[in-house]
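Using our numbering, the final residue of the sequence shown is 301, and nothing's skipped along the way. For every residue, glycine included, the Cβ atom is placed at its ideal position computed from N, Cα and C.
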Amino acid sequence: MPAMKKILLINPSFKGSLHSNIKVLALPPLNLAWIARYTPEHYDVQIIDEAMTDLDFDQPVDLVGITCMTPLAPRAYEIAGEFRQRGVPVVMGGIHVSYMTDEALRYADTVVVGEGENIWPKVLEDFERGQMQRVYRSCQLPELTKLRPPRRDLLTGKYFVDTVQTGRGCPINCNFCSVTAFNGSRYRVREIDDIIDEINSIKSKRLFIIDDNIVGAGPRYIKRAKELFDRMADCGKEWAGQTCLNIVEHDDLLKSAQRSGCKGFLIGFESLDPATIDAMHKPVNLRPDTRNFADAIKKIH
């Protein structure tokens with residue numbers, strides 16, 4: 001029987017003086033754990049988070065995948081170059097290379113544009129045939145109700161907090177934000193039962209929910225958020241997440257979040273000037289209940 005081919009999935013990190021601070025603040029690369037889940041079982045998959053583990057460029061590996069956000073693009077390209085010099089093909093994905101595809105193709109053999117779960121198996125099929133394309137575009141966003149759980153067993157770093165994702169996408173489409181363009185203009189949400197099962201499987205007592213807006217907008221998603229928070233109350237976790245100011249319009253939701261172990265929200269105020277907010281196309285910050293930022297902050301606290 002031939003040896004299993006090895007795939008190395010890499011999350012780049014800042015090096016040098018920033019490294020010690022980044023290690024404290026680092027979050028597990030859940031995106032790579034999901035890509036690992038959609039990798040066929042006949043591959044040996046390893047995830048390397050540079051914030052936690054040094055890279056060995058000389059280790060035997062058949063294919064390298066690198067995720068890339070804009071601040072870390074130079075380091076990602078450096079890593080790609082090291083492996084390509086050693087004859088290892090490199091696939092790059094993530095939000096930066098999805099919008100800077102021509103740039104990324106100067107450093108990588110293949111670029112995946114968009115969310116990767118649906119297209120990754122096709123990339124590997126072509127790799128096995130020696131016919132990888134230069135660019136793969138994920139034309140259909142994954143249906144999150146059918147999303148399989150991420151390979152958390154491959155996230156071996158000692159992180160201060162663990163991460164969970166309950167949904168993707170945003171319809172607000174602020175003109176400074178990439179979320180709608182990358183993840184779609186509608187909220188796609190996972191099944192609450194699946195989320196609770198995953199949370200209960202996590203050993204850490206501290207979680208960061210990485211949804212760009214865990215509450216969402218509109219009655220359907222407000223109701224869904226409250227159901228999720230009510231269910232999380234029995235999980236025994238402390239958590240933080242990201243949302244919009246519209247959460248202050250829903251007292252029951254705030255109380256439910258508190259009972260569930262919520263310790264804080266990251267909220268984008270963007271500006272104190274209504275005209276500037278309007279120009280940004282962020283109407284949620286201009287509603288009567290949200291325009292007084294001081295009162296909104298006091299209510300959330």
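>> Taking the beta carbon of alanine 275 as the centre, do at least 16 other beta carbons fall within 10 Å, making it buried, or is it exposed?
In response: Translated into positions along the sequence shown, residue 275 becomes position 275. Alanine 275 should be labelled exposed.
Sequence-distant residues of its chain with Cβ nearer than 6 Å to cysteine 174 (five each side left out)
Reading the sequence shown from its first residue, position 174 is the one you call residue 174. So the qualifying residues of the chain are Met280, His281, Lys282.
Discussion item. Output needed for isoleucine 267: all residues of its chain with C-beta closer than 7 Å, excluding positions within five of it in sequence on either side, in chain order.
Written reply: Working through the sequence shown from its first residue, we reach residue 267 at position 267. Result list for isoleucine 267: Thr243, Cys244, Leu245, in chain order.
- Message: On the DSSP letters alone, give me the boundaries of the beta strand (DSSP E) that threonine 166 sits inside.
- Response: Locating residue 166 in the sequence shown gives position 166, counting from the first residue. Careful: threonine 166 lies outside any beta strand (DSSP E) and carries neither H nor E.
| When we look at the beta-carbon of glutamine 165 and count the other beta-carbons within 10 Å, is it buried (16 or more) or exposed? | Looking up residue 165 in the sequence shown gives position 165. So glutamine 165 ends up on the buried side.
(Q) Spatial neighbours of arginine 190 within its chain, please: C-beta separation below 7 Å, excluding the five flanking residues on both sides. (A) Here residue 190 is taken as the residue at index 190 of the sequence shown, counted from 1. Only Leu144, Thr145, Leu147, Thr166, Gly167 meet the Cβ criterion.
Assuming valine 111 contacts threonine 101 under a Cβ cut-off of 8 Å, what Cβ separation, rounded to an integer in Å, is found between them?
-> The count along the sequence shown starts at 1 and reaches residue 111 at position 111. The count along the sequence shown starts at 1 and reaches residue 101 at position 101. About 5 Å; that satisfies the 8 Å criterion.
| field | Assigned exposure category for alanine 294 - 16 Cβ within 10 Å defines buried | value | For this step, residue 294 is matched to residue 294 along the sequence shown. Exposed, by the Cβ-count rule.
_Inter-residue spacing [alpha-carbon to alpha-carbon] between arginine 151 and proline 28_ = Position 151 of the sequence shown, counted from the start, is the residue given in the question as residue 151. Position 28 of the sequence shown, counted from the start, is the residue given in the question as residue 28. Taking the straight line joining both Cα atoms gives about 11 Å.
Next on the checklist: According to DSSP, phenylalanine 265 sits in a beta bridge with which residue or residues?
Outcome noted: Counting from one through the sequence shown, the residue named residue 265 turns up at place 265. DSSP output for phenylalanine 265 lists Gly241 as bridge partner(s).
Quick check on methionine 280: does DSSP put it in helix, strand or coil? Residue 280 sits at position 280 when you count from the first residue of the sequence shown. Here methionine 280 sits in helix by DSSP.
Taking the C-alpha atoms as reference points, what is the distance between glycine 116 and isoleucine 66? For this step, residue 116 is matched to residue 116 along the sequence shown. For this step, residue 66 is matched to residue 66 along the sequence shown. Distance between the alpha carbons of glycine 116 and isoleucine 66: 12 Å.
Find the nearest neighbour of leucine 154 within the set Met4, Asn11, Phe208, Ile300, judged by alpha-carbon distance. To locate residue 154, count along the sequence shown from 1; it is residue 154. Here the closest residue by C-alpha is Asn11.
- Message: The alpha helix (DSSP H) that contains methionine 69, what's its start and end?
- Response: The residue you call residue 69 lines up with position 69 of the sequence shown. No alpha helix (DSSP H) contains methionine 69, which DSSP labels as neither H nor E.
Between the region 223-243 and the region 253-267, are three or more C-beta pairs nearer than 8 Å? yes
Tyrosine 107 vs glycine 87 beta-carbon contact at 8 Å: Numbered from 1 along the sequence shown, position 107 holds the residue referred to as residue 107. Numbered from 1 along the sequence shown, position 87 holds the residue referred to as residue 87. No, the pair does not count as a contact, with Cβ atoms beyond the cut-off.
Q.
Once DSSP output is grouped into helix, strand and coil, what is the label at methionine 92?
A. Working through the sequence shown from its first residue, we reach residue 92 at position 92. Strand at methionine 92.
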